[in-house]
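Accompanying notes for the structure given below.
Residue numbers (UniProt numbering), protein chains in the order written: chain A, 1 to 226; chain B, 1 to 238.
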């Protein structure tokens with residue numbers, strides 16, 4: 001959980017994050033699940049703070065999140081999550097079984113390669129400018145819809161209470177922020193996605209997930225707070 | 001949890017021109033894992049056949065079949081291979097270099113390649129204009145390459161993160177090979193990536209994985225006998 005006191009500031013991992021970034025949300029969930037106290041460093045993507053020279057030095061592609069842990073800097077949510085998993089083994093994010101691990105990787109990548117990059121700020125800005133502002137929502141709903149349809153098929157044979165069984169694993173950390181955004185921000189009709197709807201309800205019961213959601217971050221605008 | 005041999009042969013469903021399939025072919029060769037190649041012609045829409053859809057409802061390549069386990073998505077396949085077949089590790093032991101490899105892979109598989117796949121280019125062509133898709137593709141590829149150039153500057157050797165081939169190289173080499181050809185990327189802007197690519201090209205494992213050497217490759221020289229055998233064929237924008 002993010003805090004400003006307690007453990008000596010310089011020793012706590014620092015997470016560079018944007019409240020609404022689903023990639024940042026994945027890492028926030030992981031830090032909460034592992035009980036890791038961290039310092040929240042807000043990067044305002046709308047104001048372009050990710051392009052500041054200081055931030056580009058941390059993460060050359062200018063996206064969030066980035067994690068600074070001692071003298072190690074890790075950027076990219078997937079890389080950060082595997083780093084955390086290897087350094088802080090409490091509350092494992094991956095099962096022991098190789099095949100189940102692989103399904104977690106596959107579900108994570110459906111979100112991080114087939115859905116999220118096609119509906120991030122830069123892409124929506126381009127479509128808004130070049131095609132038209134009214135085109136953005138249909139585009140997003142199409143990308144998310146295709147990805148969610150794939151996830152429904154993939155997880156059909158594996159889901160239990162959570163995405164790949166009865167314990168929370170990596171796939172859930174990628175799914176929860178994406179489903180949350182689909183419903184809250186883009187008002188996607190979830191009727192066709194009963195499994196993902198059920199998983200979302202399960203995530204809403206978990207404090208580690210809910211505390212990581214966009215509405216509860218230090219940089220959440222007042223009008224968006226939940 | 002680990003195995004250096006497998007009881008049954010691996011099967012890879014692949015399309016010769018797919019960069020995602022290419023990554024897995026390269027990795028299988030690096031790990032010395034023999035496999036059966038099964039072609040899926042994406043241009044003819046074979047990924048939508050009932051047989052393929054039964055195997056992989058997600059209707060994409062590559063797909064790895066290991067015994068009775070079916071797995072798609074190149075990143076997932078590579079991590080699965082890395083965890084099951086420990087020979088010729090594709091991730092270094094050092095945590096920082098491991099993270100760099102994973103980040104480089106993500107820059108390509110999440111931040112770059114999805115933005116220039118066929119469906120996206122088709123949308124831009126239709127909605128913005130035919131001239132736009134090339135500049136869109138170039139912009140996003142160069143953005144990714146600039147980021148990789150900076151990311152690898154401090155840690156590269158002959159290869160992306162040192163003197164051995166790792167995951168970053170497995171993603172990088174096919175990406176450079178295909179996108180420079182399809183989208184006229186000026187690689188002189190990316191000296192580190194160019195050097196890494198040359199190192200990968202010298203590897204027999206890489207050479208065996210290139211599109212032209214796959215069983216489903218179509219050579220222009222077959223279609224046009226008067227062209228000499230060194231003619232490079234034009235890849236459709238997929």
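Beta carbons are placed, not taken as given, at the ideal position from N, Cα and C, and that holds for glycine.
| Item | Value |
| --- | --- |
| Local Cβ density within 10 Å of residue 202(B), reported as buried at 16 or more and exposed below that | exposed |
| Per-residue contacts from residue 106(A) into chain B (C-beta, under 7 Å) | 71, 72, 73, 76 |
| Chain-order list of residues whose beta-carbon lies under 6 Å from that of residue 147(A) (same chain, five-residue window excluded) | 110, 114, 115 |
| Closest by C-alpha distance to residue 136(A), when choosing among 211(B), 124(B), 145(B), 131(B) | 124(B) |
| Cβ neighbour criterion (16 or more within 10 Å) applied to residue 22(A) | buried |
| Residues of the UniProt domain "GST N-terminal" (8-89) of chain B with Cβ closer than 7 Å to any Cβ of chain A, in chain order | 57, 58, 69, 71, 72, 73, 75, 76, 79, 80, 83, 84 |
| Closer than 7 Å at the beta carbon, the chain B residues around residue 78(A) | 102, 106 |
| Residue 75(A): contacting residues in chain B (beta-carbon distance under 7 Å) | 103 |
| 4-residue-minimum alpha helix (DSSP H) runs that sit fully inside the region 160-218 of chain A, ordered along the chain | 170-180, 194-203, 207-210 |
| Best match in 187(B), 173(B), 218(B) for proximity to residue 205(B) [C-alpha to C-alpha] | 173(B) |
| Cβ shell of residue 208(A) (< 7 Å), same chain only, five flanking positions each side left out | 29, 32, 33 |
| Residues of the region 80-102 of chain A whose Cβ lies closer than 8 Å to any Cβ of chain B, in chain order | 80, 82, 83, 86, 87, 96, 98, 99, 101, 102 |
| Sufficient close CB pairs (3 or more, under 8 Å) joining the region 45-63 of chain B to the region 59-73 of chain A | no |
| Local Cβ density within 10 Å of residue 29(B), reported as buried at 16 or more and exposed below that | buried |
| Chain A contact for residue 194(B) (CB, 8 Å cutoff) | no |
| Same chain, Cβ closer than 7 Å to residue 128(A), neighbours up to 5 away in sequence not counted | 136 |
| Minimum Cβ-Cβ distance from residue 135(A) to chain B less than 8 Å | yes |
| Cα-Cα separation between residue 181(A) and residue 131(A), rounded to whole angstroms | 23 Å |
| Whole-Å CB distance - residue 57(B) paired with residue 100(A), under 8 Å assumed | The Cβ separation is near 18 Å, so there is no contact. |
| Any C-beta of chain B under 8 Å from that of residue 41(A) | no |
| C-alpha gap between residue 168(A) and residue 92(A), whole angstroms | 9 Å |
| Assigned exposure category for residue 69(B) - 16 Cβ within 10 Å defines buried | exposed |
| Endpoints, the beta strand (DSSP E) within which residue 41(A) is located | 39-42 |
| Pair within 8 Å by beta-carbon distance, residue 62(B) and residue 75(B) | no |
| Spatial neighbours of residue 163(B) in its chain, beta-carbon cut-off 6 Å, leaving aside the 5 residues before and after | 157 |
| Chain-ordered neighbours of residue 174(B) on chain A, where CB pairs are closer than 7 Å | Near residue 174(B) there are no residues of chain A at all, since even the closest Cβ is about 15 Å away, more than 7 Å. |
| Contacts around residue 190(A), its chain only, beta-carbon distance under 6 Å, and the 5 residues preceding and following it disregarded | 197 |
| Delimiting residues of the alpha helix (DSSP H) encompassing residue 77(B) | 74-84 |
| CB of residue 18(B) within 8 Å of CB of residue 117(A), strictly | no |
| Per-residue contacts from residue 118(A) into chain B (C-beta, under 8 Å) | 114, 115, 120 |
| Residues of its chain near residue 94(A), where Cβ-Cβ distance is below 7 Å and the 5 sequence neighbours each way are ignored | 85, 101, 104, 169, 170 |
| Beta-carbon proximity of residue 11(B) to residue 65(B), cut-off 8 Å | yes |
| Whole alpha helix (DSSP H) elements within the region 77-125 of chain A, 4-residue minimum | 77-87, 98-109 |
| Residue 128(B): contacting residues in chain A (beta-carbon distance under 7 Å) | 130, 131 |
| Local conformation of residue 36(B) per DSSP, three classes | strand |
| Within-8 Å CB hit, residue 189(B) to chain A | no |
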